[in-house]
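Student: One structure, as structure tokens, below. Some questions next.
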């Protein structure tokens, strides 16, 4: 089958999947291994899938002046993407309609945002699925933690997660008896153990209750020491000649301290690893194919095809329009791109919820200088967090949060170590041995916390399109309306209070000063200015539910109005809790894949 | 025909595999950043495989109640280093000459040409060293020049003979707690075999020979990957093998070899070559780290297998120390750069324990 040959009657495949990120790749792997033929359309180039291509991204990162999250991952001209560097101005891919800026980004290349994610692979808490019935806020999921638990296990093996069950059994999170993660936890950093010495057992009060804190290793999608029978998946190299030269690279994390924006050895999971494990005889990947319209039979509501714009040259908007047809269609293009495509096709807006309830984890940085060296700038960007405040009775009144404890000094919040050197030279006039002494005193003591705060679904936070704002292919750019409500702001304020208490207890000199750090948008709360950054955790835009009038997709992520169309990804989340969405998104994608296999193989 | 002879041969095998590591590291770390990606991959892949071979030989020796020794001036390899098959291992930067040596090392049936044996091998290269090579322990314990394949065959034959003689349980009397297990080995090039009897011992040693020999007879493995020997040939010719190619003459596109994008390390660096006090100090630091790696491996082979993980961390520091040398020109030379001497230098006492050094 040639890519994009227009067929008017015959199907190109059993299933067309749009998007080769983590969700689309998992669907493609599972369906092709079940014997189904999958045509996978990817908007961006497939460069990261070959070792040389990945190396070119690495070179782009090495050569970039500003090492932002997107610096290795430039998009094709016809497939623009949000960029952290565009936030300050107003000329990015998103049309920021306010009142606040939506601060997160994603990547439109084959592999998606897993190319530069941190790899945090937390399960959601059982209570996260029942926010309405438990705390009277947000909404309930149409399924429970126990429904998803088997798929969490599968997702942890598909992605390759390193953790110990003993660390992860807290706040009601349970595991099937005898279960262990495929790899041992990544060894905690020196800074983790220094902090644990000061923090473990420390009480903090939220609402009327006291909570005890603990520095806890988090589940990471980074290759570590494998448990019995598991083989870590290293670097991917899909070449036309069939040679996979890079395979024995990346089978262990080597602590390069560059998970974001690019793991130089691919020891961290990216979606290309999953796609490389698909049954290739049943898989047809068409990169550089931008889905632009979903075709629907007006009588039945069934999807009959996906129109896409295929370009040969990533530096040019020249393209041809083609159509792909199949029995079922899976949109796995991203929480924003899924919605954009649905709106462009004028579909599925019966509930009025398509594009609404966009969420993120608006996050604060707290940074300081530890009394002694904590080994900053060594190991993965972070290895532990403080997760005890992810759940609790206070959630009836304000947002929960988790603390990510950095191993990367003040890199994320100020651009250290470069900015530390620049400041020492230009502000303090240091040079020679004195400069070296200063840097070796300051840099190893840099501590950075990132406080990731839950956000609840709000109808006002939404993705829409405007025919006047289009990209080079003529497709609309996403228009984002975004605000942070009282519930989340109160959680942000509590998170700030807690990190300040922790710093005091650990003897860390608080040096948090957003005016001196990297630029981030700000919001005012009770007279306080809170500078927040995005976590890249888009969710809620095509919410799942059990009532067609109050949700876009059902519990299987099947579109209520178009029964052979599935919208997968974090867009389906009714709420997000405080966990990074990737693992839950993966679990849901595997669950949907099983439904598709059952139906289409019947 | 005895257990003592077996232990002698296996200890020599451990040292033989160890000696191949520094030459590969010199070639690997001499590559300048952002060039020679294929060379970097194949060199890394091979050196990790040599580390596995060393672990496999050590597991067999431990299984028969022996004690592999790799630390100390009497056990650490010295360069240039002569193997029983006549290959002289020099410390060289990535170069055609280094590639020729690696092709010999990767071929277990290789034997250096000599007047007595005109049919074998490629012509011997003129020496790069100012002094003669240091003979491998393996060279000393064999009756005469032999191929590496034959060297291992002798060990396997002897294992079988002694097993017949004294019984399997009596021969394989080593403490299983001294074995290096899969979870401790840093990955790449296969997994260690835990050796408890004749079958597992044979599997372990066959793996060592087969990774070389199998590669020569069947260039592609089950995954369709090209064997190391032929990847070195691709580098030598700067041509990729096509599926239709006859082995020995790759005709595909260039694989991206740039011998100029290499730090031109002085061959077999000696402290006297370094001239500059800062470079001498850097070389001493590299020597101390190398010696610490050997002490940690030695401890891992002597009842504390988990110490191997510490050795991995020290190897990262050794890499950084080597890069300092390789990136610096030698004062007064015509463009040659410094390099590591890989001499034994006792590390500070605290380092010898193998416990994790914390910053």
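Protein chains in written order, with the numbering used here: chain A, 1 to 602; chain B, 1001 to 1359. The beta carbon of each residue, even a glycine, is placed where N, CA and C say it ideally should be. Being a predicted model, the structure only gives us computed values, none of them experimental.
For residue 592 (chain A), return the contacting residues in chain B, with the cut-off set at a CB-CB distance below 8 Å.
Tutor: Chain B residues near residue 592 (chain A): none, gap ~31 Å exceeds 8 Å.
Student: Between A:92, A:185, A:35, which has its C-alpha nearest residue 479 (chain A)'s C-alpha?
Tutor: The shortest Cα separation from residue 479 (chain A) among A:92, A:185, A:35 belongs to A:92.
Student: Quick one: is residue 1162 (chain B) near chain A, going by C-beta distance under 8 Å?
Tutor: No, residue 1162 (chain B) lies away from the interface with chain A (no Cβ there is under 8 Å from its Cβ).
Student: Using CA atoms only, rank isn't needed, just tell me which of A:509, A:387, A:235, A:223 is closest to residue 49 (chain A).
Tutor: Nearest of A:509, A:387, A:235, A:223 to residue 49 (chain A), Cα basis: A:235.
Student: Report the option in A:594, A:350, A:384, A:550 whose CA atom is closest to the CA atom of residue 187 (chain A).
Tutor: Among A:594, A:350, A:384, A:550, the Cα nearest to that of residue 187 (chain A) belongs to A:384.
Student: Using a C-beta to C-beta distance shorter than 7 Å, which residues of chain A count as neighbours of residue 1045 (chain B)?
Tutor: In chain order: 248.
Student: Using CA coordinates, which residue listed in A:418, A:44, A:441 is at the minimum distance from residue 372 (chain A)?
Tutor: Taking only the C-alpha atoms, the option nearest residue 372 (chain A) is A:441.
Student: Chain A partners of residue 1270 (chain B), CB-CB under 8 Å?
Tutor: Result: empty, since nearest Cβ-Cβ is about 30 Å, beyond 8 Å.
Student: Do residue 150 (chain A) and residue 351 (chain A) have their C-beta atoms within less than 8 Å of each other?
Tutor: No.
Student: Would you say residue 245 (chain A) faces chain B, with C-beta separation under 8 Å as the test?
Tutor: Any reading at residue 245 (chain A) must be qualified, since the residue scores a pLDDT of 48, below 50, and its modelled position is unreliable; the value itself is stated next. So, interface residue.
Student: Report all residues from its chain with a CB closer than 8 Å to the CB of residue 1121 (chain B); omit the five preceding and five following residues, and keep chain order.
Tutor: Reliability fails at residue 1121 (chain B), whose pLDDT of 43 lies under 50, so the model's placement of it is uncertain and the value that follows must be treated cautiously. Counting only Cβ-Cβ distances below 8 Å, and skipping sequence neighbours, we find 1086, 1104, 1110, 1111, 1112, 1113.
Student: In three-state terms, what does DSSP make of residue 576 (chain A)?
Tutor: If DSSP states are grouped into helix, strand and coil, residue 576 (chain A) belongs with coil.
Student: For the stretch 54 to 71 of chain A, which residues have a beta carbon sitting closer than 8 Å to at least one beta carbon of chain B?
Tutor: The residues in question are 55, 59, 62.
Student: Which residue marks the beginning of the beta strand (DSSP E) containing residue 452 (chain A), and which one marks its end?
Tutor: Here the beta strand (DSSP E) through residue 452 (chain A) covers 446 to 453.
Student: Can you tell which of A:33, A:106, A:111, A:15 has the C-alpha that lies nearest to the C-alpha of residue 46 (chain A)?
Tutor: Nearest option by C-alpha distance: A:111.
Student: Could you tell me which of A:78, A:75, A:77, A:105 sits nearest to residue 85 (chain A), measuring between CA atoms?
Tutor: For the residues A:78, A:75, A:77, A:105, the minimum Cα distance to residue 85 (chain A) belongs to A:105.
Student: Here's the rule I'm using: 16 or more other beta-carbon atoms within 10 Å means buried, otherwise exposed. How should residue 560 (chain A) be labelled?
Tutor: The residue in question, residue 560 (chain A), is buried, as its Cβ has 16 or more Cβ neighbours within 10 Å.
Student: Considering only the beta carbon of each residue, do residue 1237 (chain B) and residue 1253 (chain B) sit closer than 8 Å?
Tutor: Not closer than 8 Å, so no.
Student: Have a look at residue 284 (chain A) and residue 276 (chain A) and give me their C-alpha separation to the nearest angstrom.
Tutor: Distance between the alpha carbons of residue 284 (chain A) and residue 276 (chain A) is about 12 Å.
Student: Hey, residue 1330 (chain B) and residue 1274 (chain B): beta-carbon distance below 8 Å or not?
Tutor: Contact flag set, yes.
Student: Taking beta-carbon pairs under 7 Å, can you tell me which members of the stretch 1275 to 1309 of chain B lie near chain A?
Tutor: Answer set for the stretch 1275 to 1309 of chain B: empty.
Student: Assign residue 1030 (chain B) to one of three DSSP states: helix, strand, or coil.
Tutor: DSSP places residue 1030 (chain B) in coil when its eight states are reduced to three.
Student: Could you tell me whether the Cβ of residue 1088 (chain B) comes closer than 8 Å to any Cβ of chain A?
Tutor: Judged by the 8 Å Cβ criterion, residue 1088 (chain B) is not in contact with chain A.
Student: Got a sec? Which residues, its chain only, sit under 7 Å from residue 326 (chain A) by beta carbon, not counting five neighbours each side?
Tutor: Once the five neighbours on either side are set aside, the close Cβ partners of residue 326 (chain A) are 11, 12, 13, 14, 15, 16, 39.
Student: In three-state terms, what does DSSP make of residue 521 (chain A)?
Tutor: In this structure, residue 521 (chain A) counts as coil in the three-state DSSP scheme.
Student: Evaluate residue 1334 (chain B) with the Cβ neighbour count: other Cβ atoms within 10 Å of its Cβ, from every protein chain shown; 16 or more gives buried, anything less gives exposed.
Tutor: Flag for residue 1334 (chain B) reads exposed.
Student: Along the stretch 1022 to 1055 of chain B, what residues have a CB closer than 8 Å to any CB found in chain A?
Tutor: Taking 8 Å as the Cβ-Cβ cut-off against chain A, the residues of the stretch 1022 to 1055 of chain B that qualify are 1033, 1034, 1037, 1038, 1041, 1042, 1044, 1045, 1048.
Student: For the stretch 1275 to 1337 of chain B, list the alpha helix (DSSP H) runs that are entirely contained and at least 4 residues long, ordered along the chain.
Tutor: Runs of the alpha helix (DSSP H) inside the stretch 1275 to 1337 of chain B: 1277 to 1301, 1307 to 1326.
Student: Mind listing, in chain order, the continuous alpha helix (DSSP H) runs of no fewer than 4 residues lying wholly within the stretch 100 to 149 of chain A?
Tutor: Here the runs fully enclosed are 131 to 135.
Student: Please confirm whether residue 433 (chain A) has its beta-carbon closer than 8 Å to some beta-carbon of chain C.
Tutor: In the structure shown, chain C cannot be found, because the protein chains are A and B.
Student: What residues in its chain sit with their C-beta under 7 Å from that of residue 1053 (chain B), if we drop five residues either side in the sequence?
Tutor: Cβ neighbours of residue 1053 (chain B) beyond the five flanking positions: 1017, 1208.
Student: For the stretch 1077 to 1091 of chain B and the stretch 1021 to 1035 of chain B, state whether three or more C-beta atom pairs, one from each stretch, are separated by less than 8 Å.
Tutor: Output reads yes: the stretch 1021 to 1035 of chain B touches the stretch 1077 to 1091 of chain B.
Student: Measuring only the C-alpha atoms, how far is residue 1019 (chain B) from residue 28 (chain A)?
Tutor: Approximately 46 Å, taken between the alpha carbons.
Student: Along the stretch 172 to 189 of chain A, where does the CB come closer than 7 Å to a CB of chain B? Name the residues.
Tutor: Cβ contacts with chain B come from no residue of the stretch 172 to 189 of chain A.
Student: Which runs of the alpha helix (DSSP H) fall wholly inside the stretch 162 to 186 of chain A and span at least 4 residues, in chain order?
Tutor: Those alpha helix (DSSP H) runs which fall completely within the stretch 162 to 186 of chain A and span 4+ residues are 165 to 168.
Student: May I ask you to list, following chain order, the residues of the stretch 200 to 226 of chain A that have a beta carbon less than 7 Å from some beta carbon of chain B?
Tutor: So the close ones are 225, 226.
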